[in-house]
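As structure tokens, the structure follows; a few thoughts come after it.
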């Protein structure tokens, strides 16, 4: 019964979404206030029904209702309850339902927080969001219905949830990532509404900015959780692979980062207007592209996609309509959005322009590298995979350039900044960073030889220290060296400062863990010891243990440093009972300055095991930095001035909105 | 031509030149880092370049896995049903690597037509066969597996 209820609720949500898409849009042209207001209640109603549908699917999982195909394929009676719940979005159908749920959640948030927006604008925004909801609801119902039954004979036991996904990371990673992906539908809807209405002023930019920031924060956290999950759950210590699935989430992030910088110039100075709109369209299109790449099966094989084209064709068509339609609208209306002011020299506008060029170039190069193998396959040029060197070759210099410019971020002024004054501010930080960057790597060497002196570390430290010292100098000047004046600095300033320092911390982790990474794969018999990165690892033994739904071999490795006991690590090799999947569960001792990472390979007979030992200096900084970046975005999103100014503006915005064009 | 137009022309020319340079570099780097997939048959015929980083794979031949007793060096054979490729590797094999299952290795082919692999990949889960391998398997091989009662 619950399953049918869930299915019916989904159909109901589709109906409400259609009304939400059509009626307010017509109302916005005909001027019927009641029609325009309808979108708000429809959005809330839609959310209630999608949530009900989602709850029904979750219930089916909890009750082990294996007559539902999706449950039977992704759950199991032995699965712990929290994994049963996270299994709801563990595979294709359920994750799309989550997409829909989050989309209707964002729509509801827009409906509830749009009190200060002109009604015409909020009606159109909700209408666009409704149209996207319609697309996804149709996709769910016609190609990927999670409520499909296995009839007439349901299986007695489900096949398991993929063991890789039986992890805390999976519980949190997809919802976070989707909050980000789908969150960018809000600025997209704002952009489309602006293009339709021809209203794109700084009030518009100020309304959409917090939405962009919040979506971007979720995406930031989502991506870093994904990387963290790959690091400890895949079991071999890698944290970024330039895998198409990773790239699919990273591209919207880069475009979104460009968007949140360019819109600040649009809001404050009225420049880059059409560019900002284009970025809003681009960011959401890339989110959709990401969904398409990951969900259509096109990555596994172009041919698999061609032989079972239903889902792929649907998303491709949907993508075509969204991208094509919005670009057409942009082509028709965009050119009327002229910048109203000029800027020159090393102004903040120029710096933001450089920021955008670098971010969008990185995005474009990743896009090409990701799509090239697909294109080559379609054209019959053979099966190709593009290796990490391609991505690193472009990404590292582009990001290094970004960090050099980023140092100046706080010092630049709108309109015009004198280049010489900027350079003068950079003198002290550049001396400090240069000296420290040259000296600090010496302390990382165990032997004083040139081959141990890492150039990667020098460059990393140089860039990182540059960003940090410049940011702190700016903070010093802005607060005039007084602690009491720190509190008077705005939330968005703190946000910028923390996010920029976060990027530096992240880069520190990336650079130093690359420079000083030590790794050994060894054949070990109990009692064997090995030395790596200044630590002695002793392989003590392997024991057989029993978990809730798996049997495991648990190794015991004792780590010493200079004779002193540091930690005892227990990596596991798990064998899942249903499905018989084998999983490597690494054990990590994490500290800020280094991770000790041990994973158990295969048994080699005669009690010998293949074991991988890794010492990864500063690798944790990668995720710590990402968290700081997210925190910065959050502080900027909830800056008081959005609320205060919105109140002021709401008085005259309605008249302003009508007066424009 | 007035100065404003001249300035704009300069900017446009600069952008076009930067664009050409960037696309040239991208095409070059793609060419350098695109790793092609070869089947054991292609390598046996000498169609694969030697000393170039590439990928190859197939079904791991039953009973072909040999381990060095003192190190992590391994050797195994993969087949597409028509030819056999010897792969040598030093390191830990992936969790789902097994004889009779699909595997892909990345590395360079030496003068003896042995693939010196720096990386060995197996399928991600029980039901998945790498598409390159699935498509490269000869029909005869797949039929044979079917009649043998292979579960797939």
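Protein chains in written order, with our numbering: chain A, 61 to 721; chain B, 16 to 167.
Glycine included, every Cβ here is placed at the ideal spot set by N, Cα and C.
Judging by CA-CA distance, which residue of the options is the nearest neighbour of residue i?
| i | options | result |
| --- | --- | --- |
| residue 267 of chain A | A/444, A/640, A/253 | A/253 |
| residue 577 of chain A | A/269, A/299, A/90 | A/299 |
| residue 142 of chain A | A/226, A/679, A/209 | A/226 |
| residue 124 of chain B | B/100, B/96, B/118, B/106 | B/100 |
| residue 465 of chain A | A/552, A/553, A/530 | A/530 |
| residue 662 of chain A | B/110, B/70, B/64 | B/110 |
| residue 636 of chain A | A/219, A/350, A/247 | A/219 |
| residue 534 of chain A | A/462, A/123, A/472, A/506 | A/472 |
| residue 701 of chain A | A/553, A/632, A/658 | A/553 |
| residue 632 of chain A | A/617, A/469, A/625, A/623 | A/617 |
Can you tell me where the alpha helix (DSSP H) holding residue i begins and where it ends?
| i | result |
| --- | --- |
| residue 72 of chain A | 62-90 |
| residue 416 of chain A | 408-438 |
| residue 519 of chain A | 515-538 |
| residue 256 of chain A | 245-257 |
| residue 626 of chain A | Residue 626 of chain A -> not in any alpha helix (DSSP H); beta strand (DSSP E) instead, spanning 624-629. |
| residue 50 of chain B | Taken as a continuous stretch (DSSP letters only), residue 50 of chain B belongs to no alpha helix (DSSP H), being part of the beta strand (DSSP E) at 49-53. |
| residue 501 of chain A | 479-503 |
| residue 328 of chain A | 304-329 |
| residue 288 of chain A | 262-293 |
| residue 96 of chain A | 93-122 |
| residue 171 of chain A | 152-173 |
| residue 393 of chain A | 369-393 |
| residue 553 of chain A | 551-576 |
Mind checking if residue i is an interface residue toward chain A, Cβ cutoff 8 Å exclusive?
| i | result |
| --- | --- |
| residue 97 of chain B | no |
| residue 91 of chain B | no |
| residue 141 of chain B | Here residue 141 of chain B scores only 49 on pLDDT, less than 50, and its place in the model should not be relied on; the value that follows carries that caveat. Yes, residue 141 of chain B counts as interfacial toward chain A. |
| residue 87 of chain B | yes |
| residue 116 of chain B | no |
| residue 28 of chain B | no |
| residue 36 of chain B | no |
| residue 132 of chain B | no |
So residue i contacts chain A; which residues on that side make the cut at Cβ distance below 9 Å?
| i | result |
| --- | --- |
| residue 23 of chain B | Chain A residues near residue 23 of chain B: none, gap ~14 Å exceeds 9 Å. |
| residue 125 of chain B | Correct list: empty, because the minimum Cβ distance to chain A is about 20 Å. |
Beta-carbon within less than 7 Å of residue i's beta-carbon, same chain only, minus the 5 sequence neighbours each way: which residues are those?
| i | result |
| --- | --- |
| residue 583 of chain A | 664, 668, 670 |
| residue 120 of chain A | 62, 63, 128, 131 |
With a threshold of 8 Å between beta carbons, is residue i in contact with chain B?
| i | result |
| --- | --- |
| residue 449 of chain A | yes |
| residue 432 of chain A | yes |
| residue 504 of chain A | no |
| residue 582 of chain A | yes |
| residue 453 of chain A | yes |
| residue 661 of chain A | yes |
| residue 369 of chain A | no |
Using a cut-off of 7 Å between C-beta atoms, extract the partners of residue i located in chain A.
| i | result |
| --- | --- |
| residue 70 of chain B | 445 |
| residue 59 of chain B | Chain A residues near residue 59 of chain B: none, gap ~18 Å exceeds 7 Å. |
| residue 41 of chain B | 425, 428 |
| residue 147 of chain B | 443 |
| residue 120 of chain B | Within chain A, no residue comes near residue 120 of chain B; the closest Cβ sits about 13 Å away, beyond 7 Å. |
| residue 63 of chain B | Those within 7 Å of residue 63 of chain B in chain A number zero; the least Cβ separation is about 11 Å. |
So, for residue i: in the same chain, excluding its five sequence neighbours on each side, which residues have a beta-carbon less than 6 Å away from its beta-carbon?
| i | result |
| --- | --- |
| residue 230 of chain A | 146 |
| residue 500 of chain A | 521 |
| residue 66 of chain A | 113, 116, 117, 207 |
| residue 151 of chain A | 134 |
| residue 141 of chain B | Residue placement at residue 141 of chain B cannot be trusted, given a pLDDT of 49 that sits under 50; what the coordinates show is reported in the next sentence. Once the five neighbours on either side are set aside, residue 141 of chain B has no close Cβ partner at all. |
| residue 609 of chain A | 138, 637 |
| residue 88 of chain B | 105 |
| residue 317 of chain A | 419 |
At a CB-CB cut-off below 7 Å, which residues of chain B make contact with residue i?
| i | result |
| --- | --- |
| residue 664 of chain A | 82 |
Leaving out five residues before and five after residue i in sequence, what residues of the same chain have Cβ atoms less than 8 Å from its Cβ?
| i | result |
| --- | --- |
| residue 79 of chain A | 98, 102, 190 |
| residue 409 of chain A | 325, 329, 331, 332, 403, 474, 475 |
| residue 492 of chain A | 525, 529 |
| residue 355 of chain A | 152, 155, 156, 371, 375 |
| residue 172 of chain B | Shown here, chain B extends from 16 to 167; a query on residue 172 of chain B therefore has no answer. |
Whose Cβ in chain B lies nearer than 8 Å to the Cβ of residue i?
| i | result |
| --- | --- |
| residue 672 of chain A | 107 |
Starting from residue i, trace the beta strand (DSSP E) in both directions and tell me its first and last residue.
| i | result |
| --- | --- |
| residue 614 of chain A | 610-621 |
| residue 105 of chain B | 99-105 |
| residue 124 of chain B | 117-124 |
Report the neighbours of residue i on chain A: residues whose CB is nearer than 8 Å to its CB, in chain order.
| i | result |
| --- | --- |
| residue 136 of chain B | None at all; the shortest Cβ gap to chain A is about 10 Å. |
| residue 45 of chain B | 428, 429, 432, 446, 450 |
So which residues of chain B does residue i contact, with C-beta pairs closer than 9 Å?
| i | result |
| --- | --- |
| residue 643 of chain A | 110 |
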